[in-house]
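This report concerns only the one structure given below.
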Amino acid sequence: MFRYKWAAPLAVVILAVLALVACQAPTPEVQTVVQTVVVQQTVVQTVVQQVEATVETVKEVVVTATPEVGEKVTLNINISEDPATMDPSLVADVSSAELVDNLFLGLTNISADGSVEPELATAWSVSDDRLTYTFTMRDDATWVRYTPSRGMQELGPVTAYDVVYGVRRTCDPRTGSTYAYIDYIIAGCQELNTTEVSGLSDEDIQALVDAVGVSAPDSYTVQFTVDTPAAYFPGIAGMWGNRPQYRAAIEEHG
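Counting in my numbering, the sequence shown runs from 775 upward without gaps.
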């Protein structure tokens, strides 16, 4: 009796549970939906491009007028007193030296800063033993003669032979140059200048003149031979007594 007493209520409970289960809503089904969405987007892009360009610039050019051909230029110089001479070999005073400086070109000249610069020469060189100097000359220098009646006359080019003649004439004791001793560094100059030539024949005197160490290998090249190396010799070569001299005028007028 005991076992069946609890069986009836238990059966009722079970039936009630089953009824509740049967009445529950079914589990919803999960669905995947694929949807296309259009999105608007603004894209900013920077483009770097290399471009070649030609730029015209305006440049101001100052043009100097060319002087008319044949235009005369007058230079006034005050030499304070009458020069004693215009003979390059005989210069011994300031006035004469200033005049000769303006009338005769030297192979070299002394610049304002005291350096030696080319004048009649365009360049020079010295041998390895420092005893031979070679000067190359300009070919555009000209001898001229001026007279009031005839004006300016060209007499011919200034050449290396005119330099050789001038140097030898300065060393020649018959010229009477006060400053010939400056050229004693030139081979043979001192021997010629200090020789008493009054008792010598013309041939003997000419041999001494020809022995002076100055020569002209060609019309525009002068060579000097010195007795001892002297770095200052290019300055000596431009001194008054070593200026070119016009032989025809000297032989005609003395």
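All residues carry an ideal CB built from backbone N, CA and C; glycine is no exception.
Residue i bridges to which residues according to DSSP?
{"i": "Arg919", "result": "Gln927"}
{"i": "Asn1029", "result": "No statement about residue 1029 is possible, as the shown extent of the chain runs from 775 to 1028 and does not include it."}
{"i": "Ile960", "result": "Val1000"}
{"i": "Val847", "result": "For Val847, which the question treats as bridged, DSSP gives no partner whatsoever."}
{"i": "Val890", "result": "Ile884"}
{"i": "Thr968", "result": "DSSP lists no partner for Thr968."}
{"i": "Thr910", "result": "Ala897 and Thr995"}
{"i": "Val937", "result": "According to DSSP, Val937 bridges with nothing at all."}
How should residue i be labelled, buried or exposed, when 16 other C-beta atoms within 10 angstroms of its C-beta is the threshold for buried?
{"i": "Gly1028", "result": "exposed"}
{"i": "Leu849", "result": "exposed"}
{"i": "Gln907", "result": "Residue identity check: residue 907 is Tyr in the sequence provided, not Gln. Classification for Tyr907: buried."}
{"i": "Leu982", "result": "buried"}
{"i": "Arg943", "result": "buried"}
{"i": "Met911", "result": "buried"}
{"i": "Ala934", "result": "buried"}
{"i": "Leu873", "result": "buried"}
{"i": "Leu929", "result": "exposed"}
{"i": "Leu864", "result": "buried"}
{"i": "Ser951", "result": "buried"}
{"i": "Tyr920", "result": "exposed"}
{"i": "Val932", "result": "buried"}
{"i": "Pro991", "result": "exposed"}
Nearest CA to the CA of residue i: which residue from the options?
{"i": "Phe1007", "options": "Thr882, Glu1026 and Val868", "result": "Thr882"}
{"i": "Ser989", "options": "Gly1009, Gln964 and Tyr939", "result": "Tyr939"}
{"i": "Val986", "options": "Thr896, Asp861 and Val941", "result": "Val941"}
{"i": "Ile851", "options": "Thr969, Glu845, Ala915 and Asn876", "result": "Asn876"}
{"i": "Met926", "options": "Gln964, Lys846, Leu905 and Thr969", "result": "Lys846"}
Apart from the five residues on each side of it in sequence, which residues of its chain come closer than 7 Å, Cβ to Cβ, to residue i?
{"i": "Ala799", "result": "Unreliable placement is indicated for Ala799, whose pLDDT of 49 sits below 50; the coordinate value is still reported in the next sentence. Excluding residues within five positions, none has a Cβ falling inside 7 Å."}
{"i": "Ile979", "result": "Val971"}
{"i": "Glu855", "result": "Ser869"}
{"i": "Pro862", "result": "Val874, Phe878, Gly940, Trp1014, Gly1015, Arg1017 and Gln1019"}
Please return the same chain residues whose Cβ sits closer than 6 Å to the Cβ of residue i, not counting the five positions on each side in sequence.
{"i": "Val937", "result": "Val996 and Pro1018"}
{"i": "Asn967", "result": "Cys945, Pro947 and Ala954"}
{"i": "Tyr1020", "result": "Trp917"}
{"i": "Ala858", "result": "Asp867 and Ser870"}
Keeping to the same chain, check which residues put their C-beta closer than 8 Å to that of residue i; ignore five residues upstream and five downstream.
{"i": "Gly880", "result": "Glu893, Leu894, Ala1011, Gly1012, Met1013, Trp1014, Asn1016 and Arg1017"}
{"i": "Gly1009", "result": "Thr882, Ile884 and Val890"}
For this session: Indicate whether the contact test is met: 3 or more Cβ pairs, each with one atom in the segment 951-960 and one in the segment 1002-1013, closer than 8 Å.
Result: Yes: at least three Cβ pairs fall under 8 Å.
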